[in-house]
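Notes for the one structure printed next.
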Amino acid sequence: MAQETTDRSTGGTDGAAASTGVMIAGRSLWSDARRRLMRDKSAMICFAIIVLYAIVSIGGVVYEILADRYEDIPSFAEMDDSSMIDQPPSFKSWKTLLGTDWYGKPVIIKAFLGAKVSMSVGLISNVIAVPLGMLLGAIAGFYGRWLDSIIVWVFSTLMSIPGLVLLIAIKYAFTGITVWGLDLSGIHGLYIALGIISWIGTCRLVRAEVMKIRELDYIVAARANGTHGFVILLRHVIPNVLHLGIINFSLGFVGAIKAEVMLSYLGLGVEPGTPSWGSMINAARMNLYSGKWWELTAAVGAMFFLVLALNIFGDRLRDAFDPKLRTA
Amino acid sequence: MSENGTLLTVRGLRTQFFTADGVVKAVDGVSFAIGKKQTFALVGESGCGKSVTALSIMRLIPKPPGKIVAGQIILDDQHLANLSERQMRDVRGGRIAMIFQEPMTSLNPVFTVGSQIVEAINLHRGLSRRQAKALAVEMLAQVGIPAPAQRYKEYPHQLSGGMRQRVMIAMALSCDPELLIADEPTTALDVTIQAQILELLRQIQEQRGLSILLITHDLAVVAETADVVGVMYASKIAELTDVRTLYDKPLHPYTQGLFRSLPRLGQKKERLETIPGNVPNPLAFPAGCKFHPRCPVGRDLEKCRAAEPELREVAPKHWVACWECPGYEEAKATDVAVNVAGKEIAGL
Chain U
1 MAQETTDRST
11 GGTDGAAAST
21 GVMIAGRSLW
31 SDARRRLMRD
41 KSAMICFAII
51 VLYAIVSIGG
61 VVYEILADRY
71 EDIPSFAEMD
81 DSSMIDQPPS
91 FKSWKTLLGT
101 DWYGKPVIIK
111 AFLGAKVSMS
121 VGLISNVIAV
131 PLGMLLGAIA
141 GFYGRWLDSI
151 IVWVFSTLMS
161 IPGLVLLIAI
171 KYAFTGITVW
181 GLDLSGIHGL
191 YIALGIISWI
201 GTCRLVRAEV
211 MKIRELDYIV
221 AARANGTHGF
231 VILLRHVIPN
241 VLHLGIINFS
251 LGFVGAIKAE
261 VMLSYLGLGV
271 EPGTPSWGSM
281 INAARMNLYS
291 GKWWELTAAV
301 GAMFFLVLAL
311 NIFGDRLRDA
321 FDPKLRTA
Chain X
1 MSENGTLLTV
11 RGLRTQFFTA
21 DGVVKAVDGV
31 SFAIGKKQTF
41 ALVGESGCGK
51 SVTALSIMRL
61 IPKPPGKIVA
71 GQIILDDQHL
81 ANLSERQMRD
91 VRGGRIAMIF
101 QEPMTSLNPV
111 FTVGSQIVEA
121 INLHRGLSRR
131 QAKALAVEML
141 AQVGIPAPAQ
151 RYKEYPHQLS
161 GGMRQRVMIA
171 MALSCDPELL
181 IADEPTTALD
191 VTIQAQILEL
201 LRQIQEQRGL
211 SILLITHDLA
221 VVAETADVVG
231 VMYASKIAEL
241 TDVRTLYDKP
251 LHPYTQGLFR
261 SLPRLGQKKE
271 RLETIPGNVP
281 NPLAFPAGCK
291 FHPRCPVGRD
301 LEKCRAAEPE
311 LREVAPKHWV
321 ACWECPGYEE
331 AKATDVAVNV
341 AGKEIAGL
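Residue numbers (this note's numbering), protein chains in the order written: chain U, 1 to 328; chain X, 1 to 348.
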């Protein structure tokens, strides 16, 4: 708590320094936010953690490619070892560092490969959701009238269904469907399902902001200059709400990761046999009775640090982009 | 049509807003003409329809709720109402440019001023990127911004209000328009900066032979810059004539009231006179002459309550809409949308 307050106060002085700094040389909202973020220690630590997870995920991808290509590198499926079943964590070998599972697979490898799934779900579902939400929100807010009515109707309808139920319903609907060679039953379906349900928050936020922006003088000035309406939307309106997209991206990341874990736990997420934190928790569920705690702990721990880092970083990002904090 | 150098003719313009509370007649039969190289000032209180007139000329009335119900807007023989939206976009910025009241908000905060001017240039002129940039820097220099190449790279928040208004003017002029609509260009600025901006506008007008439609409520600004003045009250023009005649011999009681409420040098008075009452609610204009409830002359006259006076030419090129104005009964309702001042006044 004390740590928190000191953090806040240093954040405050940083803000004040940045506000006097605004007047110096050509500095946009973006470079200003970047500077504020760079000075924020907790944000930078969280960013380092996120980068670490990203490196681990890329490592997972590289490993899978190598395992595919070279015979002597065992793929994840080939890691079953009947002599190593259910080993508790110990320093005997790197394989038992976090223990082994029911098939004798090292939990540490599962946790690392799970990062790949979580990070890709967070990234790709948001790459779908955030631009979609921003575009629809901007169109609704800017053009108003019937376009607005349609978009508001769509997201109100989607919002009236509890998120998890909707997610499960979409995942079920995707079962066995293949589009452009992508099997939607597995992780691809998860990206899309999460993309479909998580654009709403961004859309609402952007819509409200755009409704405010479209009345501003520089929009009228752009019209008076003979700029096409759609060009105004792209050139003048969206750049002014882009920071909302960035913030929502970092916060949506957390939601997507949590949703993947939940769905995989329910057996609706990734294909069975794919290592993911959700399927680890699912597998470990029964083992807890017999005192085998390590698989669950590894999955939850791995998730905990990533989610915490993303949450704090997203929060700081929002602060850095908030011009109101600048004058405070 | 464009005899004796008329650039813009507005005839019988009616713009209405269809709101939940009723129809607001924001502009109700306004006619005037602006000659080439001339400054026409539209004067009036807040809400009298000045800005809506300007937006109507640009066809920028938000629709719905607004709509131009009737009237002609003719720019150099071209009826703007007949143009497609696409052709109209070429007119906006290309032939008619506009600057606004609030320079603080009329520039996009996330782009440098240079890139915004370049954008305006690219809309109407087929220039290469380098040429456009050179032109933008040149425009900044022309509107009197020191170190234009440096300013080019700066963001709006780094400039003062006067600087931003200069940038707006540079942007408006970058595509060489024939008409500049200046909607209260100096209202948000300090008096010293106001004078500078007005001086700048005058210089530019001289250099480029630009016509200006100046919208303002500031009679001092009008006296300094305008050639012809239209005084607007409650969606209509109450009096229209050249600036000298208007300041020498205002005929409409409203105009007279406006002049009486100005402080004068050497005048020893405790209080300035005011025009009693408020601007009427556009949803419920009074019957008869819209000014009669506030009018020192016609407040109790049956004639003023009964019917609304039209604009009549009571003296050569001097139109007034007032029953009690001397000579009004005999005067004829001639076409108001003619070039009033001609070149001899414009050259003064």
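Even for Gly, the Cβ is constructed at its ideal location relative to N, Cα and C.
Given the structure is predicted, the values throughout are model-derived calculations rather than measurements.
Looking at C-alpha atoms only, which residue of the options is the closest neighbour of residue i?
i        : options                                : result
X/Ala195 : X/Arg299, X/Glu224, X/Val229           : X/Glu224
U/Gly278 : U/Ser160, U/Asp86, U/Lys116            : U/Lys116
X/Tyr155 : X/Asp176, X/Ile169, X/Ile117           : X/Ile117
U/Leu310 : U/Leu52, U/Lys171, U/Arg35, U/Leu98    : U/Leu52
X/Thr334 : X/Pro326, X/Gly327, X/Glu310, X/Lys63  : X/Glu310
X/Val69  : X/Asp76, X/Lys269, X/Ile57             : X/Ile57
X/Ala315 : X/Glu330, X/Glu308, X/Arg305, X/Leu301 : X/Glu330
U/Ala298 : U/His228, U/Pro275, U/Phe313, U/Gly195 : U/Pro275
X/Phe259 : X/Leu189, X/His217, X/Ser235           : X/His217
U/Phe76  : U/Leu306, U/Ala67, U/His243            : U/Ala67
X/Ser31  : X/Val143, X/Val191, X/Trp319           : X/Trp319
X/Ile96  : X/Ile34, X/Arg130, X/Pro263            : X/Ile34
X/Ala234 : X/Asp183, X/Thr53, X/Arg59             : X/Thr53
X/Ile61  : X/Leu173, X/Val27, X/Leu42             : X/Val27
X/Leu201 : X/Gly49, X/Glu45, X/Asp190, X/Pro185   : X/Pro185
X/Asp76  : X/Cys48, X/Leu7, X/Leu173              : X/Leu7
U/Ser198 : U/Phe155, U/Asp80, U/Phe174            : U/Phe155
U/Val261 : U/Glu64, U/Leu251, U/Val307            : U/Val307
U/Trp30  : U/Leu242, U/Gly314, U/Phe313           : U/Leu242
U/Ala33  : U/Ala259, U/Leu244, U/Leu251, U/Tyr265 : U/Leu244
Tell me whether residue i is buried or exposed, calling it buried when 16 or more other Cβ atoms sit within 10 Å of its Cβ.
i        : result
U/Val107 : buried
U/Arg316 : buried
X/Trp323 : buried
X/Arg164 : buried
U/Asp72  : exposed
X/Asn281 : exposed
X/Phe17  : buried
X/Lys153 : exposed
X/Ile74  : buried
X/Ala209 : Reading the sequence as shown, one finds Gly at residue 209 of chain X and not Ala. Exposed: under 16 other Cβ atoms inside 10 Å.
U/Val61  : exposed
U/Ala48  : exposed
U/Pro88  : exposed
U/Leu234 : exposed
X/Val167 : buried
U/Trp294 : buried
X/Asp300 : exposed
Grab me the residues of residue i's own chain with a C-beta within less than 7 Å of its C-beta, minus the 5 sequence neighbours each way, in chain order.
i        : result
X/Arg294 : Ile275, Pro276, Gly277
U/Gly176 : Ser185
U/Leu296 : Ile281, Ala284, Leu288
X/Gly94  : His124, Cys175, Pro177
U/Val56  : Phe112, Ala115
X/Arg11  : Ser31, Gly71, Gln72, Ala337
U/Met119 : Tyr53, Ala54, Ser57
X/Arg92  : Met58
X/Lys332 : Arg312, Glu313
X/Ser51  : Asp183, Ile215
X/Leu55  : Ile61
U/Thr178 : Leu184
Assuming residue i contacts residue j (C-beta within less than 8 Å), just tell me the rounded distance between them.
i        : j        : result
X/Arg151 : X/Leu140 : 6 Å
X/Glu239 : X/Val228 : Not confirmed; about 11 Å, so no contact.
U/Leu268 : U/Lys171 : 5 Å
U/Arg207 : U/Gly141 : 4 Å
U/Asn248 : U/Gly201 : 6 Å
X/Val221 : X/Leu251 : So it is not a contact: roughly 21 Å between Cβ atoms.
U/Leu361 : U/Leu263 : With chain U covering only 1 through 328, there is no way to say anything about residue 361 of chain U.
Leaving out five residues on either side along the sequence, give the residues of the same chain with a beta carbon under 6 Å from the beta carbon of residue i.
i        : result
X/Met98  : Ile181
X/Val297 : Pro253, Glu324
U/Lys95  : Pro106
U/Val22  : Confidence at U/Val22 is low in this model, with a pLDDT of 40, below 50, so its placement is unreliable and the value that follows should be read with caution. Hits under 6 Å: none found.
Quick one: what's got a C-beta closer than 8 Å to residue i's C-beta in the same chain, skipping five residues either side?
i       : result
U/Ala25 : At U/Ala25, the pLDDT of 49 sits below 50, so the modelled position is not reliable; the number obtained from the coordinates is stated separately. Contacts found: none.
Contact the stretch 212 to 225 of chain U vs the stretch 106 to 119 of chain X: 3+ CB pairs below 8 Å: With contact defined as three or more Cβ pairs closer than 8 Å, the stretch 212 to 225 of chain U and the stretch 106 to 119 of chain X are in contact.
With three or more beta-carbon pairs closer than 8 Å as the criterion, would you say the stretch 294 to 304 of chain U touches the stretch 265 to 285 of chain U? Segments in contact, yes.
If we count Cβ pairs, one from each stretch, closer than 8 Å, do we get three or more for the stretch 126 to 142 of chain U versus the stretch 241 to 255 of chain U? Yes, the stretch 126 to 142 of chain U is in contact with the stretch 241 to 255 of chain U.
Okay, do the stretch 263 to 275 of chain X and the stretch 78 to 92 of chain X touch, 3+ Cβ pairs below 8 Å being the bar? Contact between the stretch 263 to 275 of chain X and the stretch 78 to 92 of chain X is absent, because fewer than three Cβ pairs lie under 8 Å.
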